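In our numbering, the protein residues as written are 8 to 101.
Note that beta-carbon positions come from the ideal geometry of N, C-alpha and C, so glycine has one too.
Fair warning: this is a prediction, and the values are worked out from it, not measured in the lab.
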């Protein structure tokens, strides 16, 4: 499901809201999650999962084409861990 499909579905399920308002709500939620992760905070949505960031240390990598060693700098990557209810829902097919 894409962001636009999510907005359309939420607008369909909530006919009392304008689509532009639903779009603003979804965008604001995603922006706040991204801002929290950029600050290094953890975002937990009970029953769904938790977003956090993990640090990958700098290391020596290898260019697969030439085989030459390359320095790979430290990185911060997003990480998502599913919540118990979501895991159960996926595994029971409901």
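Residue i classed as buried or exposed, judged by whether at least 16 other C-beta atoms fall within 10 angstroms
{"i": "residue 29", "result": "buried"}
Of the listed residues the options, nearest to residue i (C-alpha basis)
{"i": "residue 56", "options": "88, 22, 95, 10", "result": "88"}
{"i": "residue 61", "options": "8, 38, 46", "result": "46"}
{"i": "residue 94", "options": "85, 73, 53", "result": "53"}
{"i": "residue 34", "options": "59, 10, 85, 98", "result": "10"}
According to DSSP, residues forming a beta bridge with residue i
{"i": "residue 67", "result": "78"}
{"i": "residue 73", "result": "For residue 73, which the question treats as bridged, DSSP gives no partner whatsoever."}
{"i": "residue 49", "result": "According to DSSP, residue 49 bridges with nothing at all."}
Limits of the alpha helix (DSSP H) - the one that residue i falls within
{"i": "residue 20", "result": "10–20"}
{"i": "residue 93", "result": "91–99"}
Residues of its chain near residue i, where Cβ-Cβ distance is below 8 Å and the 5 sequence neighbours each way are ignored
{"i": "residue 77", "result": "67, 68, 69, 70"}
Spatial neighbours of residue i in its chain, beta-carbon cut-off 7 Å, leaving aside the 5 residues before and after
{"i": "residue 64", "result": "81"}
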